[in-house]
Structures are given as structure tokens and as C-alpha cells.
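A short worksheet on the structure shown next.
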Amino acid sequence: MVPPLVLDIDGTLTDADGHLDPRAFEVLPAWDAPVILATGKAFPYPVSLCHYLGLPQTVIAENGGVVLADGEVTFTGDREAAQAAADEFVARGGDLGWDAADTANRWRETEIIARLNADEALLRAVADEFDVEVIDTGFAYHIKTPGVEKGVGLERVCETMDYDPEDFVAVGDSVNDASTFRVAGRSYAVANADDVAKEAADTVLDRSYMDGTLSVLDSLREEDAA
Ligand SMILES: O=C(O)COP(=O)(O)O
Ligand SMILES: [Mg+2]
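Residues in the sequence shown are numbered consecutively from 906, following this note's numbering.
Next comes the structure, spelled out in C-alpha cells:
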């Protein structure tokens, strides 16, 4: 049996521009064990991705703030606290960087994100005052509740679905994957990963983005066949 997977999306199943690698459509629905998407994206994004990939909807979204497992949704994280910090950031002259539709935050239930061109020093100073934290995933700044992590979300999924986190193989690329790497039995950082993810991973891959992820899946299949 191949092991279950817990996979980050941006930087791990995508190219450098955040576009989904089309090979995901071949390999993920065909994987002969559970596949969990664990992302910093707002809840609807991984749900849609599961839908279009044809995967069961088992999802860790918003860096663990939202978990969908076995048809049940649970929330942790305080969107209001993040919103208060974001509002103060804007009041002090900061710009979150989104257009009027703000589809990045519109359906986000437990945190707020800013574009990477936002004033980081101001954002961090305001976040400190509001007891929220800022993480830089390489795709956005996330203003979030400390302690809400993808890894905690993975533990919740495993409790709900009676899985053992030790059985999981994790692949990711950034600081928001380090907690997943600590909880999963085996962890891989793609070559484009940031230093925190590389430090936390059991193995740092030679290849980047989906090429790196596919190299893990290939070797897991080979192990299974041996
Ligand atoms: O939303 C982000 O900033 C990054 O998303 P990811 O966790 O899927 O890489
Ligand atoms: Mg990522």
C-alpha cells in the first residue's frame, strides 16, 4: 500500500507563478490512499480543487484555521482579531494590496492576508499590538492567530477520520508547512522551499515545485512495489 499524503498547494503542486501543475490531475485522483490538501488559501480554494481533481473533500485551509473532514467543518483562529489588525494597518497608511473584489480575503473565515508588496515592518508592528502573528509564505503575508497551524489541522483530521499521522507523507515548501512536517511520519521540502521548511523537513528534494513532489510520489510507488 502506498502511504496517505498531506500536500501543500502553492509552491508544491504549482509552478512558481502559483498555477496548478496539470500533472496533478493524473497523479492525485489515482493515488491509492487518502490525499489531504493542506493550504494557506481560503477555504473555497482547496474545496474547489478537490472537486475538480475528483478527490474526496478532506481539507486543511487557512493554515489550519479551517478543517473539513468526514463532511464536518471546524474552525479555529480569530478572523475578527486579524481584521482589527488589518484595519489598523490600513488606518496607519498600509495597503493590503487587493482590488475592490478582494477574492483573496472575501471568503476567508479565520485570518486575513496581504500581498507581499505590503509594508512588512508596519504590518508586523501592528500585528504585535493586536496579539496576532504575521507569516510570509512566499505568496502572501498571513495575519493569523498564533498556534493555529496546518499540523494541528492534520491532527484534527486524523482524529476525525481515525488515521495515524505517523502514516502520512508530507510535501511542502514554506514556513506554514513546518508544523505539518513535525506531525506527519515523513516529510519532504521541495527545492524551492524556504529555510524554515527545509530545516523542518526530514528530506530536502533536489527538484522544485511539482517536479519535486512527483519525485516523492514516484519513490513511494517504487517502495510499495519492492
Ligand atoms: O496561501 C498561501 O500564502 C500559500 O498557500 P499554500 O499553503 O498552499 O502554499
Ligand atoms: Mg506552499
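The C-beta atom is built at its ideal place from N, Cα and C for all residues, glycine as well.
Since we're looking at a predicted model, the values are computed, not measured.
> Could you check where the alpha helix (DSSP H) with residue 1086 kicks off and where it finishes?
Replying inline: As a first step, residue 1086 is located in the sequence shown; it is residue number 181 there, counting from the start. Per DSSP, residue 1086 belongs to the alpha helix (DSSP H) from 1083–1088.
> Is residue 1047 helix, strand or coil by DSSP?
Replying inline: On the sequence shown, residue 1047 is found 142 positions in, with the first residue counted as 1. Note: residue 1047 maps to strand in three-state DSSP.
>> Applying the 10 Å Cβ sphere with the 16-neighbour rule, what's the burial state of residue 1124?
In response: In the sequence shown, residue 1124 corresponds to position 219, counting from 1. Label assigned to residue 1124: exposed.
> Does ligand 2 have a heavy atom nearer than 6 Å to the CB of residue 999?
Replying inline: The residue given as residue 999 occupies position 94 in the sequence shown. Answer for residue 999: no, Cβ out of range of ligand 2.
> Where does the unbroken beta strand (DSSP E) through residue 1052 begin, and where does it stop?
Replying inline: The residue you call residue 1052 lines up with position 147 of the sequence shown. Segment: none, residue 1052 is in no beta strand (DSSP E) and carries neither H nor E.
>> Strictly by DSSP, which residues pair up with residue 973?
In response: Taking the sequence shown and counting its residues from 1, the one referred to as residue 973 is at position 68. Beta-bridge partners assigned by DSSP to residue 973: 964, 978.
>> Going by DSSP, what residue range makes up the alpha helix (DSSP H) through residue 1105?
In response: Counting from one through the sequence shown, the residue named residue 1105 turns up at place 200. Looking at the DSSP string, the run of the alpha helix (DSSP H) that includes residue 1105 is 1100–1105.
> Quick one: what does DSSP say residue 1068 is sitting in, helix, strand or coil?
Replying inline: Here the question's residue 1068 lines up with position 163 in the sequence shown. Coil.
>> Need the endpoints of the alpha helix (DSSP H) that residue 1025 sits in, please.
In response: Along the sequence shown, read from residue 1 onward, the residue named residue 1025 stands at position 120. Segment 1025–1034, the alpha helix (DSSP H) holding residue 1025.
> Name the DSSP beta bridge partners of residue 1077, please?
Replying inline: As a working note, residue 1077 is residue 172 in the sequence shown. According to DSSP, residue 1077 bridges with 1094.
> How would you label residue 930, buried or exposed, when you count the other beta carbons within 10 angstroms and need 16 or more for buried?
Replying inline: Position 25 of the sequence shown holds residue 930. Exposed, since its Cβ has fewer than 16 Cβ neighbours within 10 Å.
> Do residue 926 and residue 1066 come within 7 Å of each other at the CB atom, strictly closer than that value?
Replying inline: In the sequence shown, the residue the question calls residue 1066 occupies position 161. In the sequence shown, the residue the question calls residue 926 occupies position 21. No.
>> Please state whether the Cβ-Cβ distance between residue 1096 and residue 1079 is less than 7 Å.
In response: What you label residue 1096 is simply residue 191 of the sequence shown in a count that begins at 1. What you label residue 1079 is simply residue 174 of the sequence shown in a count that begins at 1. No. Outside cutoff.
> Anyone know if the C-beta pair for residue 1017 and residue 987 falls short of 7 Å?
Replying inline: Counting from 1 along the sequence shown, the entry for residue 1017 is found at position 112. Counting from 1 along the sequence shown, the entry for residue 987 is found at position 82. Contact: yes.
>> Given the structure, does residue 1049 come close to ligand 1, in the sense that its CB is under 6 Å from one of the ligand's heavy atoms?
In response: Stepping through the sequence shown from its first residue, residue 1049 is reached at position 144. Checking the Cβ of residue 1049 against ligand 1 gives no.
> Is there contact between the stretch 1083–1091 and the stretch 946–957, where contact requires at least three CB pairs shorter than 8 Å?
Replying inline: no
> Ordered along the chain, which non-local residues of its own chain (more than five positions away) have a Cβ less than 8 Å from that of residue 920?
Replying inline: The count along the sequence shown starts at 1 and reaches residue 920 at position 15. Answer for residue 920: 926, 1114, 1115, listed in chain order.
> Where does residue 951 land, buried or exposed, given buried means 16+ other C-beta within 10 angstroms?
Replying inline: Mapped onto the sequence shown, residue 951 falls at position 46. Buried is the call here.
> With respect to 6 Å, is the separation between the Cβ of residue 935 and the closest non-hydrogen atom of ligand 1 below this value?
Replying inline: For the purposes of this step, residue 935 is taken as the residue at position 30 of the sequence shown. No, since every heavy atom of ligand 1 falls outside the 6 Å radius drawn around the Cβ of residue 935.
> Below 8 Å, can you find three or more Cβ-Cβ pairs linking the stretch 1023–1033 to the stretch 1068–1075?
Replying inline: No, the stretch 1023–1033 does not touch the stretch 1068–1075.
> Taking the beta strand (DSSP E) that residue 932 falls in, what are its first and last residues?
Replying inline: Taking the sequence shown and counting its residues from 1, one reaches residue 932 at position 27. Counting along the chain, no beta strand (DSSP E) covers residue 932; the unbroken alpha helix (DSSP H) around it starts and ends at 929–935.
>> Residues around ligand 2, please: the ones whose beta-carbon is closer than 5 Å to some heavy atom of it, in chain order.
In response: Proximity annotation: ligand 2 has residues 913, 915, 916, 1078, 1079 in chain order, each selected because its CB is closer than 5 Å to a heavy atom of the ligand.
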